[in-house]
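Accompanying notes for the structure given below.
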Amino acid sequence: MSGTAQKQHGPRHVAIIMDGNGRWATQRGRPRLFGHHAGAKRVREIVEACPEFGVKYLTIFAFSTENWKRTQVEVAGLMSLFRRYITKEAQALNLEGVRVRFIGDRVRLDRKLTALMDELEALTMANTRVNLTIAINYGGRDEVARATKRLAEDVAQGRLSPSDVDEETLPKYLDTHVLPDPDLVIRTSGEARISNFLLWQSAYAEYEFIDTLWPDFSAAEFGRLVARYGQRERRFGAVPG
Ligand code: IPE
Ligand code: IPE
Ligand code: MG
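Under the working numbering, think of the first position of the sequence shown as 62, with each following residue one higher.
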């Protein structure tokens, strides 16, 4: 990607910070978990819209390393929602040709959930239509720290020389090592921050911060954002050409 500026067509990889479930529920006088359930229901439509928009990779932020700070009721409710979601959606995702991967630190997740995550990854391993990556207990800084730890182990074991560590080497240790960098990062709910999502990978991503709360996000809006991306010029530090 060096040299001249690039006129883009569609984004190959879109990452979404699915925010606003709590406010959506509160606006309706319902508990926050009601919003999380409504939010989970939106995922299918967005995944199914990907092939039509030329999106090969979709990465969604479901639970951050900071989200453990929420009440025990909300955290437990979310973990149970993830288990139910995987169980319920597995067949449909597989039939749609979706390959599912998970990123984030699994160590703190319960065994029942990680077993379901492993099963879904294995079930969908041969699929190629859409690559869906779900970030659970994911934090960009945590990911870089875990990657650095493994890289340091390789150096200590003599498998890697410090002089070989560069911009190509480090990302091989990230959870996302098999994925291209995101081209477009969308955050719903009006907050203009990235909250520790894909820090390394999004260095040159285009961003869209939109007011829609996640449970109201639709394939139509997704399509508009994808189209708008196509009109932007990404320069990667070069002069427009
Ligand atoms: C995003 O919605 C989902 C998670 C972080 C798990 P929020 O729960 O953050 O919703 P708001 O921001 O409180 O509205
Ligand atoms: C980011 O949303 C994490 C997810 C969408 C899973 P948060 O709602 O947790 O982020 P902050 O707290 O507003 O930064
Ligand atoms: Mg939020």
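A virtual CB, placed ideally from N, CA and C, is assigned to each residue, including glycine.
For residue 156, no beta strand (DSSP E) encloses it; the enclosing alpha helix (DSSP H) starts and ends at 133-156. The beta-carbon distance between residue 269 and residue 245, rounded to whole angstroms, is 7 Å. This is short enough to meet the 8 Å contact definition.
By alpha-carbon distance to residue 146, the top candidate from 226, 195, 225 and 290 is 195. Sorted by chain position, residues whose beta-carbon lies closer than 5 Å to a non-hydrogen atom of ligand 1 are 80, 81, 82, 83 and 84.
In the DSSP secondary-structure assignment, residue 120 is bridged to 76 and 194. Counting only the Cα atoms, residue 265 lies some 7 Å from residue 297. Under the DSSP assignment, residue 202 falls in the alpha helix (DSSP H) whose first and last residues are 201-217. A Cβ-Cβ contact shorter than 8 Å links residue 234 with residue 211.
Between the alpha carbons of residue 291 and residue 70 lies a gap of roughly 5 Å.
With 16 or more other Cβ atoms inside 10 Å of its own Cβ, residue 85 counts as buried. Note: residue 268 is bridge-paired with 246 in the DSSP secondary-structure output.
For residue 258, the three-state secondary structure derived from DSSP is coil.
DSSP, read as helix, strand or coil, puts residue 104 in helix.
When distances are taken from the beta-carbon of residue 279 to the heavy atoms of ligand 3, even the shortest one reaches 7 Å or more.
For residue 162, the enclosing beta strand (DSSP E) stretches over residues 159-164. Within a 10 Å sphere around the beta-carbon of residue 89 sit fewer than 16 other beta-carbons, which makes this residue exposed. For residue 175, the enclosing alpha helix (DSSP H) begins and ends at 172-184.
As computed with DSSP, residue 167 is found in no beta bridge at all. Straight through space, the alpha carbons of residue 261 and residue 229 are spaced by roughly 12 Å. The residues 275, 276 and 278, in chain order, have a CB closer than 7 Å to that of residue 103 in the same chain once the five nearest residues on each side in sequence are set aside.
In chain order, 116, 244, 245, 287 and 290 place their CB closer than 7 Å to the CB of residue 72, counting only its own chain and leaving out the 5 sequence neighbours on each side. Take the alpha-carbon of residue 217 and the one of residue 95: they are about 48 Å apart.
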